[in-house]
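Positions in the sequence shown are counted from 1; adding 747 to them yields this note's numbering. Note that the Cβ used here is the ideal one computed from N, Cα and C, for glycine as well. Shown next, in structure tokens, is the structure this report addresses.
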Amino acid sequence: MSYGRSSVGLGTLLSVCLTAAIAIAGSTAPHPTVTPIKHLFIIVGENHSFDNLFGVYQPHRGQKVVNLLSEGIVNLDGSPGQHFDKARQWQASETDRYSITPRRTTPYTALPQPNTNFSFGRPINVPDTRFPANLPDGPFQITKYTAYQLSFTGDPVHRFFQMWQQYDEGRNDLFIWDAVTIGMGSGGKPPPSPFTDQSTTQGGISMGFYNMSAGDAPVFKFIADHYALNDNFHQGIMGGTGASFIYLGTGDVAFYSDGNGNAMKPPDDLIEDPDPWPGSNNWYQRDGYRSGSYVNCSDPASAGVAPIRDYLRARHRAPNCDRDHYYLVNNYGPAYNPDGSLVDVNAHPYTLPPQTLPNIGEALTRAGVSWKYYIGGLQPGGANDAWCSICNPLQFSKNVMTTALRKNITGMSKFYADAAQGKLPAVSFIRPYEPYSAHPSNSAMSAYEYFVLSIANNIISRPKLFADSAIMITFDEGGGYYDTGYIQTLDFFGDGTRIPLLVISPYVRPGAIDHTYCDHASILKFIEANWNIHPLSDRSRDRLPNPIAAPDNPYLPTNGPAIGDLLNMFDFSRPRTKPTLVIPGGS
């Protein structure tokens, strides 16, 4: 969950997105580029794994994709496939110490009924009666039970220690057990009594997926068919929105400090403790939106740390944890308001101190490359309910928010004005209005499609601008949804689940699917490669080498830890002279 979640009506904002007249003229970037790409647009939605969206996608002939369909887990019609048991979910027991591989006991006979999490005409945090109470133990098609367009579902758990358990050292078989034993966290409170598989208000929603072969997500299917897709792109941090967005801007993880970059220990009640509550099965002692979120992963004696460090040691991976640093692995708000003033921590105690991590905004500025961070809901004088404060990595930064760089953070109305005046920067980060983010429970995938459609079509339809552009479309993290994909362990913090990455550009091969191992830092690496900028720091992951794929497995780097720079998604030998438009209208 995050600060700034919206209850604004979709209809109002939809009219803004779809009726805005954008007369885009191509502007010239003042800084030379290594490739023909002079304008980069990065659109970031929220909380969907690759299989949740592309699980039943069928690629062009000659292209390969790893998903629920290709693995035989589901059939084209979304029903259980021949190898449905590959995705079987297990029950487990953990009553003493936190483990990333708790003792599995028996598989589920059926999924617990998915729950509601938001009040669009239905009760909150109760079994969602649109879904049957006896779904088979494995992935299920969401749209067999509810409409695709503007349909709201529950919100799967996607927190740091929970996601390490969901992963289960690569088995991906504890999504449901983790959801129904701890869910979004304990908040430092004892477990409910009596405790049932509905006590965490999660149920089996994490196993849901959309079916492109049955007409779901037509905009994203069209983009994949006509432009380019990566099926080996990952969220960089185990956990949720806040840490993932900070990583998008820094390639690193924030930590508790004095506000000047000097590490400090936070109050004890803000430190994670995922050890089970006495007498419980996996009910964390301290974890939750208004509870523990910091971890000193340099100390193996800290709760929850040793199991992950042991796993890293067995794989010859360094934890990348500086001594006595308490890293933020879940969601706390930024120290700054949009106007640059400090947040009142007495009124908002779950606020991260000002950060001094090197970030991409500062790096672009030093290199003389223009940039802006456009975010929905931000407006002159403040922000409205369509704004998400933790969805902007640069709002956490002291060096951005207390200098003139703060003016580079602006609302979506400014994007349209800049576009109309031919003043778009070289690099544009674009975060939707919250009701258009695709965040489960308060948005919908179809709403994010509308938003992407409005941005992409207006760029594509201006040939001078599109001729030197690339539009990258992705998500901040997998949202706790199940995924079949390989995860490369880089350090203590991740990587995490696969998420979609689409690229629209005249310089991609239509329908191509790239398998290069990448994550959010790959976007930083692309920017740095294209504009000849150094990596952000000596510990940020944009310093990692590009992957060398195994001869028999293009998904597996042999030189890990390694992440790509996304250049393999492009063909700069010749552009497409007549680009195909994204489908008009909407989903």
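Inset, instruction - Kindly examine the ligand NAD and report whether one of its heavy atoms sits closer than 7 Å to the Cβ of Y1302. - result: With respect to small molecules bound, the structure shown includes none, and the ligand NAD cannot be examined in it.
Legend entry - Every unbroken beta strand (DSSP E) inside the region 1180–1205 [3 residues or more]: Here no run is fully enclosed.
Inset, instruction - Count the C-beta pairs between the region 1054–1069 and the region 1080–1096 that are closer than 8 Å, then say yes if the count reaches three, no if not. - result: With a cut-off of 8 Å, the region 1080–1096 and the region 1054–1069 do not count as touching, because too few Cβ pairs lie within range.
Inset, instruction - Would you mind stating whether F992 and I1137 have Cβ atoms separated by less than 8 Å? - result: Yes. Within cutoff.
Legend entry - Distance CB(Y1121)-CB(G1158) smaller than 8 Å: Cβ atoms of Y1121 and G1158: closer than 8 Å.
Legend entry - Cβ-based burial, M748 [other Cβ within 10 Å; buried from 16]: Bear in mind that a pLDDT of 36 at M748, under 50, signals an unreliable position, so the model cannot answer this.
Legend entry - For K1211 and S1379, the rounded distance between their alpha carbons: In the structure as shown, the chain begins at 748 and stops at 1334. Residue 1379 is therefore absent and cannot be evaluated.
Legend entry - Exposure of M1011, with buried meaning 16 or more beta-carbon neighbours within 10 Å: Per the 10 Å Cβ criterion, exposed.
Legend entry - the region 830–849 contacting the region 1043–1054, beta-carbon criterion three pairs below 8 Å: The region 830–849 is in contact with the region 1043–1054.
Inset, instruction - Could you tell me the distance, in whole angstroms, from the CA atom of V821 to the CA atom of P827? - result: Cα to Cα, the separation comes out at about 5 Å.
Inset, instruction - Output yes or no for whether 8 Å exceeds the beta carbon distance between C1265 and I1220. - result: Here C1265 is not near I1220, since their CB atoms are 8 Å or more apart.
Legend entry - Contact the region 793–804 vs the region 965–975: 3+ CB pairs below 8 Å: A contact exists between the region 793–804 and the region 965–975.
Inset, instruction - Could you please give me the residues that DSSP links to T1400 through a beta bridge? - result: Here the chain covers residues 748 to 1334 and nothing more, so residue 1400 does not appear.
Inset, instruction - My understanding is that L1099 touches T997, with C-beta atoms under 8 Å, so please give their C-beta distance in whole angstroms. - result: That pair is no contact at about 13 Å.
Inset, instruction - Confirm, please, whether the CB-CB distance from Q896 to P874 is below 8 Å. - result: Cβ distance not < 8 Å, so P874 and Q896 don't count as in contact.
Legend entry - Sub-8 Å separation of N1189 and P1182 beta-carbons: If you check the CB distance, N1189 and P1182 come in under 8 Å.
Inset, instruction - Return the CA-CA distance between S1193 and P1047, expressed in angstroms with no decimal places. - result: Those two C-alpha atoms are separated by around 44 Å.
Inset, instruction - Identify which residue in D1242, R1064, G1226, Y1097 has its Cα closest to the Cα of G717. - result: No information on residue 717 is available, as it lies outside the stretch 748 to 1334 that the chain covers here.
Legend entry - Nearest-angstrom Cα separation, counted from F967 out to N814: Roughly 15 Å between the two C-alpha positions.
Inset, instruction - Determine the contact status of A1001 and Y914, defining contact as a CB-CB distance below 8 Å. - result: For A1001 and Y914, no; Cβs fall outside 8 Å.
Inset, instruction - Rounded to whole angstroms, what's the CA-CA distance from G989 to A961? Just pull it up for me. - result: Taking the CA atoms as reference points, G989 sits about 33 Å from A961.
Legend entry - Uninterrupted beta strand (DSSP E) stretches inside the region 834–875 (no shorter than 3 residues): Correct list: 837–840, 850–854.
Inset, instruction - State the DSSP-derived secondary structure class of C1265, mapped to helix, strand or coil. - result: For C1265, the three-state secondary structure derived from DSSP is strand.
Legend entry - Beta bridge counterpart(s) of M1219 as assigned by DSSP: Note: M1219 sits in a beta bridge opposite I789, V1250.
Legend entry - Classification of D1165 by the beta-carbon crowding that lies within 10 angstroms, buried from 16 upward: The residue is buried, with at least 16 neighbouring Cβ atoms inside 10 Å.
Inset, instruction - Classify V821 as helix, strand or coil using the three-state DSSP reduction. - result: V821: strand per DSSP, three-state reduction.
Inset, instruction - Express the C-alpha separation of Y1197 and F1317 in angstroms, rounding to a whole number. - result: Distance between the alpha carbons of F1317 and Y1197: 25 Å.
Inset, instruction - Assuming P1066 and D1289 form a contact by the criterion Cβ under 8 Å, report the distance between their Cβ atoms to the nearest whole angstrom. - result: Not quite, the Cβ-Cβ distance comes to about 18 Å (not below 8 Å), so this is no contact.
Legend entry - Reduced DSSP category for I1234 - H, G, I as helix; E, B as strand; rest coil: Secondary structure of I1234 (DSSP, three-state): coil.
Legend entry - For D925, the three-state DSSP class (helix, strand or coil): DSSP places D925 in helix when its eight states are reduced to three.
Inset, instruction - Report buried or exposed for R906, applying the criterion of at least 16 other Cβ atoms within 10 angstroms of its Cβ. - result: It counts as buried.
Inset, instruction - Tell me whether R1033 sits in a helix, a strand or coil according to DSSP, three-state version. - result: In the structure shown, R1033 sits in a strand (DSSP, three-state: E or B).
Legend entry - CB contact flag (S1038, G932, <8 Å): By the CB criterion at 8 Å, S1038 and G932 fall inside the cutoff.
Inset, instruction - Look at the alpha carbon of A1191 and the alpha carbon of H795, and state the distance between them as a whole number of angstroms. - result: If you draw a straight line from the Cα of A1191 to the Cα of H795, it is about 11 Å long.
Inset, instruction - Could you check what DSSP says for T890 in three-state terms: helix, strand or coil? - result: Shown here, T890 sits in a helix according to DSSP, grouped into three states.
Inset, instruction - Quick one: grab the DSSP three-state call for A1173. - result: In this structure, DSSP gives A1173 a state outside helix and strand, which the three-state scheme calls coil.
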